[in-house]
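Visitor: The sequence shown begins at 728 in this note's numbering and counts up one residue at a time.
Glycine residues also receive a C-beta, built at the ideal position from the N, C-alpha and C atoms.
Here's a structure for you.
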Amino acid sequence: MKILSTAQTRAADQYTISHEPVSSVDLMERAAGKCTDWIAARYGNENPVAVFCGNGNNGGDGLAIARLLHERKYNVSVYVVRPSAKDSADFSVNLERLKKCGVVATELAKENDISALKSDHRIVIDAVF
Numbered sequence: 728m729k730i731l732s733t734a735q736t737r738a739a740d741q742y743t744i745s746h747e748p749v750s751s752v753d754l755m756e757r758a759a760g761k762c763t764d765w766i767a768a769r770y771g772n773e774n775p776v777a778v779f780c781g782n783g784n785n786g787g788d789g790l791a792i793a794r795l796l797h798e799r800k801y802n803v804s805v806y807v808v809r810p811s812a813k814d815s816a817d818f819s820v821n822l823e824r825l826k827k828c829g830v831v832a833t834e835l836a837k838e839n840d841i842s843a844l845k846s847d848h849r850i851v852i853d854a855v856f
């Protein structure tokens, strides 16, 4: 498995978006689907999940993963922190999709406010930065 730097990941995403007929939000959906498949293959839906999301594209990935896990009957809690004043477009799309499937995202006041995290979460996904 290759591990890419942030710059390499952005370049790969941009290359794919430019050379395939796929939008960035659809590319995000593909990645979220693969991540969800990986989690589901290893952890049953009896394991509660906490997903921490920033308001950029990483957060959009986290929201998509949360929605897909919810669709597979996982008990998912979503926590959003906004380190930036502006939400990315893909974050906004995925937040709306999450709301439509009935999952409420809890807003955290700041990055280090983890008091909302329940002690029974067995799977924690960091999608802040």
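1) If you follow the beta strand (DSSP E) that residue 806 is in, where does it begin and where does it stop?
2) If you count every other CB in all the chains shown that lies within 10 Å of the CB of residue 797, and 16 or more means buried, which is it?
3) Could you tell me the alpha carbon to alpha carbon distance between residue 835 and residue 750, rounded to whole angstroms?
4) With a cut-off of 8 Å, do at least 3 Cβ pairs link the segment 772-782 to the segment 750-764?
5) What are the partner residues of residue 833, as DSSP defines its beta bridges?
6) For residue 759, I'd like the list of residues in its chain whose CB is within less than 7 Å of its CB, leaving aside the five on either flank, ordered along the chain.
Guide: On the basis of the data shown:
1) Start at 1 with the first residue of the sequence shown, and residue 806 comes out as number 79. From DSSP, the beta strand (DSSP E) with residue 806 extends over 803-807.
2) Counted from its first residue, the sequence shown places residue 797 at position 70. Buried.
3) What you label residue 835 is simply residue 108 of the sequence shown in a count that begins at 1. What you label residue 750 is simply residue 23 of the sequence shown in a count that begins at 1. Using only the alpha carbons, I get a separation of about 29 Å.
4) no
5) Walking along the sequence shown from the start, residue 833 turns up at place 106. Looking at the DSSP assignment, residue 833 forms a beta bridge with 806.
6) Taking the first residue of the sequence shown as 1, we reach residue 759 at position 32. If we look at residue 759 and ignore the five residues flanking it on each side, its Cβ neighbours are 788, 791, 792, 795.
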